[in-house]
Each structure stands twice: as C-alpha cells, then as structure tokens.
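S.K.:
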Amino acid sequence: MRVSLAKFKEDFNEAFDNNLSYEQIKDKVIITKNFSRSRFLTQRFKFVAIFFLIALLGGVFLMVATNKVIYRDNEDVIVNFFNVEEVVGWADNVFIAQVEQKMYTKQYDGTGQHMPYTYYSLTNINYFKGEGDNTGKLLFYGGYDFLNNLIVFSDNDTLPEAGEYYIFIVRKVTPSNSNLRAEPNSFYVQSKGQMLLLNGYIPDRPIQEQSKANQKIVKPYLQALEK
Numbered sequence: 018m019r020v021s022l023a024k025f026k027e028d029f030n031e032a033f034d035n036n037l038s039y040e041q042i043k044d045k046v047i048i049t050k051n052f053s054r055s056r057f058l059t060q061r062f063k064f065v066a067i068f069f070l071i072a073l074l075g076g077v078f079l080m081v082a083t084n085k086v087i088y089r090d091n092e093d094v095i096v097n098f099f100n101v102e103e104v105v106g107w108a109d110n111v112f113i114a115q116v117e118q119k120m121y122t123k124q125y126d127g128t129g130q131h132m133p134y135t136y137y138s139l140t141n142i143n144y145f146k147g148e149g150d151n152t153g154k155l156l157f158y159g160g161y162d163f164l165n166n167l168i169v170f171s172d173n174d175t176l177p178e179a180g181e182y183y184i185f186i187v188r189k190v191t192p193s194n195s196n197l198r199a200e201p202n203s204f205y206v207q208s209k210g211q212m213l214l215l216n217g218y219i220p221d222r223p224i225q226e227q228s229k230a231n232q233k234i235v236k237p238y239l240q241a242l243e244k
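If you're matching positions, the sequence shown starts at 18 in this note's numbering and goes up one per residue.
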C-alpha cells in the first residue's frame, strides 16, 4: 500500500506542469476543506441567532398581547342592579349559595356577548325568592380567552371564587337561537350587583347570627322581599 502511494505521488508530480508538489496541493485542499467548514459553522450560527431572535420577539409579543383585562360595555342592561328594590323585583330568584367550582369556559363563537362565558357549579342553595334544587349551575358573563386575557363587563370584573358564599339576585337563562352558548336553566350574572360576596358566611346559622358585615349585605334584600 505504501509503495503504491509513493508511486502515485511520483507520477502525480511528473504528470502536471506546475510548481506544486503533491504534498503542497494536499495542504491546499485541506485549507479549502477547513474554509468550507468555517463557512458552514458561520451559516449555522446565523441560523441559530435568527431563531433565537424570532423566539425573543415572539415572547415579547405574547407578553404585550396577553394577560390583559378587556372591558366590554353591557348594552343589554334593563335594570339598575345596584338598586335593591328594583333588582329584587326584577329577579326570579334570590338566594345564598356556595360556589363549588369552576366547570368550564365557552369561548366566543359569534353568538351572544362578545366575551367568554364561564360556568360554575353552585351548592347549598338557600332560597329567599323562588324555589328549586339545592344545587345549580351559574353562568358568569366573562372569563379568560385563549390568550389568557380577562374579558368582562365594566361593572362585573370580579369572577366568582370557588368555596365562597354569595347572595345571588338572578334569573335563569331562557333558550335563544342568538345566544347558543348560554345554557338554558342556568342562573346568570352580568353585573356585580347580582352577586355579593359574604366573607366568613356560616351556612348552618340564620342571618341574625352571621357577622355584622354579612347582615348588612343581606338584610336590605330580605326587607325588599317583605314589601
């Protein structure tokens, strides 16, 4: 093998009219290969740099585009939900209940309000007006969209909290072809005046034995119901 290689080198040097020997040409070829490798590494580095730049810009875009609170105007309001007597007269049901858990969210599909609809399960329902089961389903107009933006009505920007008790002044959803995401027979809330938090509420005690703060919230509605 070595003899053959030596013979090839000798023949190569004699066959071409040039000033370079075989070894010199070999060195040139290696240099070219190294140069090609260098160009490849440079191109690869540029590709990686561009990729990270795109990822960085995408992250900045997501930070800007997400985690916002977006307010919508409620053009369907027909009652002053902060007027106790008016809202009690409007409501079909007034009760205290515990928000058991969030069930699911229905994203905007072109029907109804331009916002997500969030559903919660209710338990331990105690009716003051109307009647029904001690469990139910609550439709909250608003919620988080695909980009984690909170979309709500301007006067209804606080979502229910699981485990907490509220007094609800509500009606039930009626079937509608123009509001397909609203599930019939769900109690619905579109204003914070329909859902008032009762901190520290004790379900097995009457209103008279609740905290003064909770009595102050509930009693005006009970008095309005007595009129």
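Just so you know, even glycine gets a beta-carbon here, dropped at the ideal spot from N, CA and C. Bear in mind the structure is a predicted one, so any value in this text is a computation, not a measurement.
#1: With residue 236 as the anchor, note down where its alpha helix (DSSP H) starts and where it stops.
#2: When every heavy atom of the ligand SAH is checked, does at least one fall within less than 7 Å of the C-beta of residue 212?
#3: Looking only at C-alpha atoms, which of 168, 206, 96 and 234 sits nearest to residue 116?
#4: Answer with buried or exposed for residue 142, where buried requires no fewer than 16 other C-beta atoms within 10 angstroms of its C-beta.
#5: How would you call residue 139, buried or exposed, if buried means at least 16 neighbouring beta carbons within 10 angstroms?
#6: Between residue 177 and residue 157, which are expected to be in contact by the criterion C-beta below 8 Å, what is the C-beta distance as a whole number of angstroms?
#7: Could you compute how far the alpha carbon of residue 84 sits from the alpha carbon of residue 130?
#8: Grab me the residues of residue 245's own chain with a C-beta within less than 7 Å of its C-beta, minus the 5 sequence neighbours each way, in chain order.
#9: Could you please give the first and the last residue of the uninterrupted beta strand (DSSP E) stretch that includes residue 106?
#10: Where do the N-terminal and C-terminal ends of the beta strand (DSSP E) with residue 110 fall, by residue?
#11: If we ignore side chains and look at the alpha-carbon of each, how far apart do residue 162 and residue 86 end up?
#12: Measure the C-alpha to C-alpha separation of residue 118 and residue 137 and round it to an integer number of angstroms.
#13: With distances taken between CB atoms, is the gap from residue 134 to residue 198 smaller than 8 Å?
#14: Candidates 153, 172 and 111: which alpha carbon is nearest residue 93's?
#15: Secondary structure at residue 127, three-state DSSP: helix, strand or coil?
#16: Among 106, 218 and 125, which residue has its Cα nearest to the Cα of residue 232?
#17: In whole angstroms, give me the CA-to-CA distance for residue 154 and residue 127.
#18: For residue 149, which three-state DSSP category applies?
M.R.: On the basis of the supplied data:
#1: 229-243
#2: Inclusion of the ligand SAH in the displayed structure is not the case, the ligand content being empty and no account of it being possible.
#3: 206
#4: buried
#5: buried
#6: 6 Å
#7: 20 Å
#8: Any question about residue 245 goes unanswered here, given that the chain covers just 18 to 244.
#9: Counting along the chain, residue 106 falls outside any beta strand (DSSP E), though it belongs to the alpha helix (DSSP H) covering 101-107.
#10: 110-123
#11: 10 Å
#12: 6 Å
#13: yes
#14: 172
#15: coil
#16: 218
#17: 23 Å
#18: coil
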